Amino acid sequence: MPMRTLPALLAVAATVTAACLSVMAGWQRGGLLAERVLWIAVGVVLVVAAHLLPALVRVHGRGVRAVGALLWIGCIAATCYGHAVFFLMAQKHAGELRAAAVPAVTAKGRGLAEIARDRADAVTRLARTNARRCVAPCPNLIAERTAAAARVDALDVERDEARRAEAAQDRVAAARAAALADPVTGAMTAFGLPAARADLIAGLAFAGVLEAVACFAWLLALPPAVVTRAVTESPVTPAQQGSNAVTVTPVTPESIAAPAVVTAAPPAAAPVAQPVVPAPAELLSLPVMEQRDDVTRVKDAIKAGQVRATVNEIRKFLGCSQSRAAAVRKQLEPQPIE
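Per this note's numbering, the sequence shown runs over residues 540 to 877.
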């Protein structure tokens, strides 16, 4: 079957791309090697079926087209689901790489909880020393108060440093969380859409557009098939038995639409039907007979004023291809164009 070049190139590129996506999705969804191979096979078959079914079933009857439409919808749904798996996994891997590029901040020193416990003890000791009274100058008490106050000050500085380190870690965690999300789908969260749902919608949209392009390209690349069958017709020779003679008019292309006229001589006795023995004859092409029938229909429609004698009008009237309409137009007698 001949294909149109440019649509065929686009169709093949789209199908190969979709098949590669199905291969990657099947590889990611499977665990064992056999499972991955089966997932890949199922995905590729569904992709090819989804792309070629519309072009293959359009020349058949309504029943076949209805079944093909149902199968096509199922194939499209399964294929888009597999492509969405690939897009989500690819986005996850890309987010992990972006998050790994964010510099990490390591915490140095003790945590805030431990510092808070030590500071509580230091404040308690300072309060006890301040509560003590001494009549005479007490150098030991003064030294103890000074040491307790210094301890509290040191713990305050350590607490501030721990807080700054914890704030830096929070900023790094926020930066990694932002890097994990896609820059475009992450912006969609401003409209109240969760990031996970935005990624899913974006993946399904990409998959749907790719499948639509592939199906439409294959419709353009594969022209409608013309079903041709060779019909063998053979003239029937008269068969005689006794005094009975039956003559059958030979079938010709001009008289194939009309029933054959059978003439029989008056028998002397009851006639006996004889089997017809076909003999080799010329092959009549079914499209030629259909074309001659179409010529008659077009002639009648032109005489009735329903159709003009143009190729486009004939194609619309017969519902056929441009080439067949042109062939019918050539067989028409010149008609005045209204």
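No residue lacks a Cβ here, since even glycine has one placed at the ideal position from N, Cα and C. None of these values were measured; they are calculated from a predicted model.
Taking every protein chain shown into account, the CB of I654 has 16 or more other CB atoms within 10 angstroms, so this residue is buried. Within the model, the alpha-carbon separation for L627 versus G613 is close to 21 Å.
Residue environment for I579: buried (at least 16 other C-beta atoms within 10 angstroms of its C-beta). A contact between stretches requires three or more CB pairs, one per stretch, nearer than 8 Å, and the segment 714-728 fails this requirement with the segment 585-601.
Inter-residue distance for E574 and P642 is about 38 Å (C-alpha atoms, whole angstroms). Within the same chain, no residue comes within 6 Å of T849 by CB-CB distance, once the 5 residues on both sides are set aside. Apart from sequence neighbours up to five positions away, the residues of its chain that approach A864 with a beta-carbon distance below 8 Å are V850, N851, I853, R854, L857, ordered along the chain. In the pairwise beta carbon analysis, the segment 727-741 is classified as touching the segment 621-635: at least three pairs are separated by under 8 Å. For E705, the closest alpha carbon among the candidates H599, A646, W566, C559 is that of A646. In the structure shown, V691 falls within a helical segment according to DSSP collapsed to helix, strand and coil.
Just measuring C-alpha positions, the residue of A753, K842, V846 sitting nearest P546 is A753. Per DSSP, reduced to three states, the secondary structure at K631 is helical. V562 and V583 do touch by the CB rule: their CB atoms are close to 7 Å apart, below 8 Å. Per the coordinates, the alpha-carbon of A617 lies some 33 Å from the alpha-carbon of A639. With a beta-carbon spacing of about 7 Å, R698 and R658 fall inside the 8 Å limit used to define contacts. In this structure L759 does not touch R604 by the C-beta definition: roughly 18 Å separates them, more than the 8 Å allowed. Less than 7 Å separates the beta-carbon of G607 from that of V596.
With distances taken between CA atoms, Q870 lies nearest to V837 out of Q861, C859, V837, K842. Secondary structure at C619: helix, using DSSP grouped into helix, strand and coil. From the listed residues V711, D833, A840, L577, the smallest Cα separation to S860 is found for D833. The beta carbon of N669 sits closer than 7 Å to the beta carbons of R684 from its chain, once the five residues preceding and following it are set aside; these are given in chain order. Here D721 is buried, its C-beta having at least 16 other C-beta atoms within 10 Å. The three-state secondary structure of C559, taken from DSSP, is helix. Excluding sequence positions up to five before and after Q630, its CB lies within less than 6 Å of the CB of D721, D738, all in the same chain and listed in chain order. The distance from the Cβ of C619 to that of A746 is about 4 Å, consistent with a contact at the 8 Å cut-off.
Straight-line measurement puts the Cα of L577 at about 8 Å from the Cα of G565.
Shown here, C859 sits in coil according to DSSP, grouped into three states, outside any helix or strand. Here L610 has A588, L592 as same chain residues with Cβ atoms under 8 Å from its own Cβ, once five neighbours each way along the sequence are excluded.
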